[in-house]
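**Student:** This structure is in structure tokens; I'll ask about it shortly.
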Amino acid sequence: MFNQDQVFALVDCNNFYVSCERVFNPRIRDKPVVVLSNNDGCVVSRSEQAKQLGIGMGTPIFKCEQLIKKFDVQVFSSNYSLYADMSSRVMDVLRKFSPQVEIYSIDEAFLCLEKFKQKDYREYGEEIRETVAKWTGIPVSIGIAETKTLAKVANRFAKRDVDLKGVFNLTGHPDQDSFLKQVEIEDIWGIGPKYSLMLRKKGIVDGLMFKNTDENWVRERMTVTGQKTLLELRGKNCVELEMIPPDKKGITCSRSFGQPVEKFELLQQALATYISRAAEKLRKQDSIPLSMHIFITTNRFNQDEPQYANWIDIKLSKPTSYTPYLISLARENLGKIYKSGYRYKKVGVTFTGIIPSKEVQPGFFYHPDDVLNDHRFMKILDQINDRWGRNTVGFSLPGKKPSWSMSQKKLSPKFTTAWDQIPVVYCD
DNA sequence: TCTGGGGTCCTAGGACCC
DNA sequence: TCTGGGGTCCTAGGACCC
203 MFNQDQVFAL VDCNNFYVSC ERVFNPRIRD KPVVVLSNND GCVVSRSEQA
253 KQLGIGMGTP IFKCEQLIKK FDVQVFSSNY SLYADMSSRV MDVLRKFSPQ
303 VEIYSIDEAF LCLEKFKQKD YREYGEEIRE TVAKWTGIPV SIGIAETKTL
353 AKVANRFAKR DVDLKGVFNL TGHPDQDSFL KQVEIEDIWG IGPKYSLMLR
403 KKGIVDGLMF KNTDENWVRE RMTVTGQKTL LELRGKNCVE LEMIPPDKKG
453 ITCSRSFGQP VEKFELLQQA LATYISRAAE KLRKQDSIPL SMHIFITTNR
503 FNQDEPQYAN WIDIKLSKPT SYTPYLISLA RENLGKIYKS GYRYKKVGVT
553 FTGIIPSKEV QPGFFYHPDD VLNDHRFMKI LDQINDRWGR NTVGFSLPGK
603 KPSWSMSQKK LSPKFTTAWD QIPVVYCD
């Protein structure tokens with residue numbers, strides 16, 4: 203089933219969000235830079251200089267305030283429109299180098315190099331790297347190996363060892379084991395904190411020791427997923443390249459609030475906004491949900507305040523992607539889990555039981571044609587919003603920036619996706 | 001004061017059916 | 001009093017990823 207004569211290249215953008223900010227802002231190229239999570243909460247991307255200052259991944263920004271001041275660290279809010287657009291540019295370049303590309307995340311892609319056996323992989327990797335840098339301004343690291351898991355390992359070395367100049371080919375390397383030995387167990391792709399702890403207790407502390415662990419033992423304790431990781435380290439290809447992303451099985455939209463929310467009305471308003479967003483995502487993949495899950499929670503970090511969290515699953519008596527219906531249903535059900543007197547931090551929605559719009563079955567209270575008509579109507583609104591900007595047409599949208607909206611104090615312009623924010627170059 | 005958001009897969013156990 | 005066995009489906013929870 204799996205082709206064992208493949209070679210994978212994992213192309214990973216270096217410090218991706220920071221690199222995106224730097225493309226359009228040359229002044230910060232040599233400075234320490236960090237990009238924050240939504241709501242300006244935690245550090246999610248760091249430049250090399252910021253890493254050297256000891257700013258950890260995921261650190262809440264308020265814990266770094268001193269370092270930021272002292273070393274003039276440049277801080278940015280997340281600018282997802284910019285990052286998503288830059289990502290698709292990078293992916294477009296990669297597709298010129300292989301017909302088989304899997305976009306693994308916003309900043310990573312696997313390329314299958316099977317068809318290029320005649321080439322020198324390292325040379326080819328260098329060519330990819332140079333082209334991406336030239337055409338998009340984004341620096342990447344490339345790891346090449348016989349399996350995806352090994353390509354991940356190779357990528358680590360490409361990224362860390364300056365002498366490798368961003369490309370490392372582990373394919374058929376006579377000394378593969380010595381490289382595996384250098385990788386800590388928790389840094390192996392697929393082995394998270396829980397399994398690492400368990401393995402370390404058994405004395406298995408690096409990639410090589412794991413590779414040499416008994417397969418049945420691993421299968422028993424780490425399920426088939428761990429077994430696959432093991433086999434992949436041994437060079438046996440178990441994780442397929444996924445060129446066409448499958449439809450999502452659950453679609454979520456939720457945000458932490460810029461400031462706590464107490465009033466039902468405001469909570470409802472925020473939820474309506476997230477439902478609109480999530481329903482857009484549904485329609486984008488032409489899906490209809492059968493259930494809706496809504497949840498609310500107070501700020502769990504604020505232990506001095508009374509805590510409350512609850513959720514409710516709603517089976518849709520009529521499956522639909524029609525936003526107004528979903529909003530009114532959510533409102534009704536939010537009332538069932540809302541308790542007054544709490545300072546809420548977050549509300550959200552997840553659609554599940556997702557089916558393709560064409561597979562909607564007739565029901566007692568609706569006809570599939572009606573569901574499809576509503577779906578098509580909403581898609582027209584989506585097109586208008588696509589063309590003229592989000593919120594051109596919509597439901598329950600507050601007129602001005604609401605009190606609960608995310609704080610994004612350090613947001614850079616949408617350099618590449620909004621006409622009025624395109625950078626201007628002045629020449630003398 | 002201030003701590004993100006959005007996914008996937010696997011398994012165990014209960015409900016239900018014949 | 002005696003009370004099977006095997007299959008399937010669903011769900012909750014736990015692990016992982018970026």
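Counting along the first sequence from 1, when you hit position 199 you're at 401 in this note's numbering, and nothing is skipped either side. For glycine and all other residues, C-beta sits at the position ideal for the given N, C-alpha and C.
Report all residues from its chain with a CB closer than 7 angstroms to the CB of Leu433; omit the five preceding and five following residues, and keep chain order.
**Tutor:** Position 231 of the first sequence, counted from the start, is the residue given in the question as residue 433. Cβ neighbours of Leu433 beyond the five flanking positions: Cys440.
**Student:** I need the straight-line Cα distance from Leu269 to Tyr219, nearest angstrom please.
**Tutor:** Position 67 of the first sequence holds residue 269. Position 17 of the first sequence holds residue 219. For Leu269 and Tyr219, the distance between alpha carbons rounds to 20 angstroms.
**Student:** So, Glu328 versus Val369, is the Cβ gap smaller than 7 angstroms?
**Tutor:** Residue numbering aside, residue 328 sits at position 126 when the first sequence is read from its first letter. Residue numbering aside, residue 369 sits at position 167 when the first sequence is read from its first letter. Yes. Within cutoff.
**Student:** Using the beta-carbon count (16 or more within 10 Å), is Glu348 buried or exposed?
**Tutor:** Your numbering for residue 348 matches position 146 in the first sequence. Buried, by the Cβ-count rule.
**Student:** Thinking C-alpha only, which one of Leu372, Thr454 and Leu468 is nearest Gly460?
**Tutor:** Working through the first sequence from its first residue, we reach residue 460 at position 258. Cα-wise, what sits closest to Gly460 is Leu468.
**Student:** Would you check if the segment 404–413 and the segment 445–454 touch, i.e. whether three or more CB-CB distances between them fall below 8 angstroms?
**Tutor:** no
**Student:** Between which two residues does the beta strand (DSSP E) carrying Ala211 extend?
**Tutor:** What you label residue 211 is simply residue 9 of the first sequence in a count that begins at 1. Taken as a continuous stretch (DSSP letters only), the beta strand (DSSP E) holding Ala211 covers Phe210 to Cys215.
**Student:** Could you check what DSSP says for Tyr306 in three-state terms: helix, strand or coil?
**Tutor:** For the purposes of this step, residue 306 is taken as the residue at position 104 of the first sequence. Strand at Tyr306.
**Student:** Since I believe Leu484 is in contact with Ser456 (beta carbons under 8 angstroms), could you give me their beta-carbon distance rounded to a whole number of angstroms?
**Tutor:** Here residue 456 refers to the residue found at position 254 when the first sequence is read from its first residue. Here residue 484 refers to the residue found at position 282 when the first sequence is read from its first residue. Contact doesn't hold; Cβ gap of about 15 angstroms is too wide.
**Student:** Classify Cys629 as buried or exposed, calling it buried when 16 or more other Cβ atoms lie within 10 Å of its own Cβ.
**Tutor:** Sequence index remark: in the first sequence, residue 629 carries index 427 (1-based). It counts as exposed.
**Student:** Quick check on the DSSP output: the alpha helix (DSSP H) that includes Leu296 runs from which residue to which?
**Tutor:** Stepping through the first sequence from its first residue, residue 296 is reached at position 94. Counting along the chain, the alpha helix (DSSP H) containing Leu296 begins and ends at Tyr282 to Leu296.
**Student:** Entirely within the segment 464–506 and at least 4 residues each: give me those alpha helix (DSSP H) ranges in chain order.
**Tutor:** 466–486
**Student:** When burial is assigned at 16 or more other CB atoms within 10 Å of the CB, is Ser247 buried or exposed?
**Tutor:** If you number the first sequence from 1, residue 247 lands on position 45. Label assigned to Ser247: buried.
**Student:** May I ask you to report which of helix, strand or coil DSSP gives Lys438?
**Tutor:** Reading the first sequence from its first residue, position 236 is the one you call residue 438. Three-state DSSP puts Lys438 in coil, outside helix and strand.
**Student:** Ala532 and Ile496 - do their beta-carbons sit closer together than 7 angstroms?
**Tutor:** Position 294 of the first sequence holds residue 496. Position 330 of the first sequence holds residue 532. Cβ distance < 7 angstroms, so Ile496 and Ala532 count as in contact.
**Student:** Write down the C-beta distance between Ile257 and Val245 rounded to the nearest angstrom, noting that I regard them as a contact closer than 8 angstroms.
**Tutor:** The residue you call residue 257 lines up with position 55 of the first sequence. The residue you call residue 245 lines up with position 43 of the first sequence. With 8 angstroms as the limit, Ile257 and Val245 qualify as a contact, their Cβ atoms being about 6 angstroms apart.
**Student:** Candidates Val342, Thr425, Pro526 and Gly555: which alpha carbon is nearest Cys222's?
**Tutor:** What you label residue 222 is simply residue 20 of the first sequence in a count that begins at 1. Nearest C-alpha to Cys222: Val342.
**Student:** If I follow the unbroken beta strand (DSSP E) through Trp590, where does it start and stop?
**Tutor:** Start at 1 with the first residue of the first sequence, and residue 590 comes out as number 388. Trp590 -> not in any beta strand (DSSP E); alpha helix (DSSP H) instead, spanning Pro570 to Trp590.
**Student:** On the CB-based measure, 16 or more other CB atoms within 10 Å of its CB, does Lys409 come out buried or exposed?
**Tutor:** Reading the first sequence from its first residue, position 207 is the one you call residue 409. In the sequence as displayed, the identity of residue 409 is Gly instead of Lys. With 16 or more Cβ atoms within 10 Å of its Cβ, Gly409 is classed as buried.
**Student:** Excluding the 5 residues flanking Glu310 on each side, which residues of the same chain have their C-beta closer than 8 angstroms to its C-beta?
**Tutor:** Against the first sequence, residue 310 aligns to sequence position 108. Here the set comprises Leu212, Val213, Asp214 and Cys215.
**Student:** With a threshold of 16 other CB atoms inside 10 Å of the CB of Trp391, please say whether the residue is buried or exposed.
**Tutor:** Position 189 of the first sequence, counted from the first residue, corresponds to residue 391. Burial check for Trp391: the Cβ neighbour count within 10 Å reaches 16 or more, so the residue is buried.
**Student:** Three Cβ pairs or more, each shorter than 8 angstroms: is that satisfied between the segment 370–380 and the segment 401–408?
**Tutor:** Because the criterion of three Cβ pairs below 8 angstroms is not met, the segment 370–380 and the segment 401–408 do not touch.
**Student:** In chain order, what residues of the same chain have a beta carbon less than 6 angstroms from the beta carbon of Ser289, not counting five sequence neighbours either side?
**Tutor:** As a position in the first sequence, residue 289 is number 87, starting the count at 1. Cβ within range, chain order: Ile308.
**Student:** Considering only residues of the same chain and omitting the five flanking positions on each side of Asn501, which have a CB-CB separation below 6 angstroms?
**Tutor:** Here the question's residue 501 lines up with position 299 in the first sequence. Excluding positions up to five away in sequence, the list reads Lys547.
**Student:** Straight-line CA distance for Lys361 to Asn535?
**Tutor:** Position 159 of the first sequence holds residue 361. Position 333 of the first sequence holds residue 535. Lys361 and Asn535: Cα-Cα distance of roughly 49 angstroms.
**Student:** Closest to Tyr540 by CA distance: which of Ser489, Gln470, Glu507 and Pro564 is it?
**Tutor:** Sequence index remark: in the first sequence, residue 540 carries index 338 (1-based). Here the closest residue by C-alpha is Gln470.
**Student:** Applying the 10 Å Cβ sphere with the 16-neighbour rule, what's the burial state of Arg478?
**Tutor:** Reading the first sequence from its first residue, position 276 is the one you call residue 478. For clarity, residue 478 is Ser in the given sequence; the question names Arg instead. The residue in question, Ser478, is buried, as its Cβ has 16 or more Cβ neighbours within 10 Å.
**Student:** Check whether the segment 501–513 touches the segment 542–558, counting contact only when three or more Cβ pairs, one atom from each stretch, lie closer than 8 angstroms.
**Tutor:** Contact holds: three or more Cβ-Cβ distances are below 8 angstroms.
**Student:** Taking 7 angstroms as the cut-off, decide whether the C-beta atoms of Val562 and Ile498 are in contact.
**Tutor:** For this step, residue 562 is matched to residue 360 along the first sequence. For this step, residue 498 is matched to residue 296 along the first sequence. Not a contact, by the Cβ cut-off of 7 angstroms.
**Student:** For the alpha helix (DSSP H) containing Trp337, list its first residue and its last residue.
**Tutor:** The sequence position of residue 337 within the first sequence is 135, counting from 1. Residues Tyr323 to Thr338.
**Student:** Which residues mark the beginning and the end of the alpha helix (DSSP H) in which Ala360 is found?
**Tutor:** Translated into positions along the first sequence, residue 360 becomes position 158. First-last of the alpha helix (DSSP H) with Ala360: Lys350 to Arg362.
**Student:** Please report the distance separating the alpha-carbon of Ser519 from that of Lys538.
**Tutor:** The sequence position of residue 519 within the first sequence is 317, counting from 1. The sequence position of residue 538 within the first sequence is 336, counting from 1. Taking the straight line joining both Cα atoms gives about 18 angstroms.
**Student:** Please report the straight-line C-alpha distance between Asn240 and Trp606, rounded to a whole angstrom.
**Tutor:** As a first step, residue 240 is located in the first sequence; it is residue number 38 there, counting from the start. As a first step, residue 606 is located in the first sequence; it is residue number 404 there, counting from the start. Spanning the two alpha carbons is a distance of roughly 13 angstroms.
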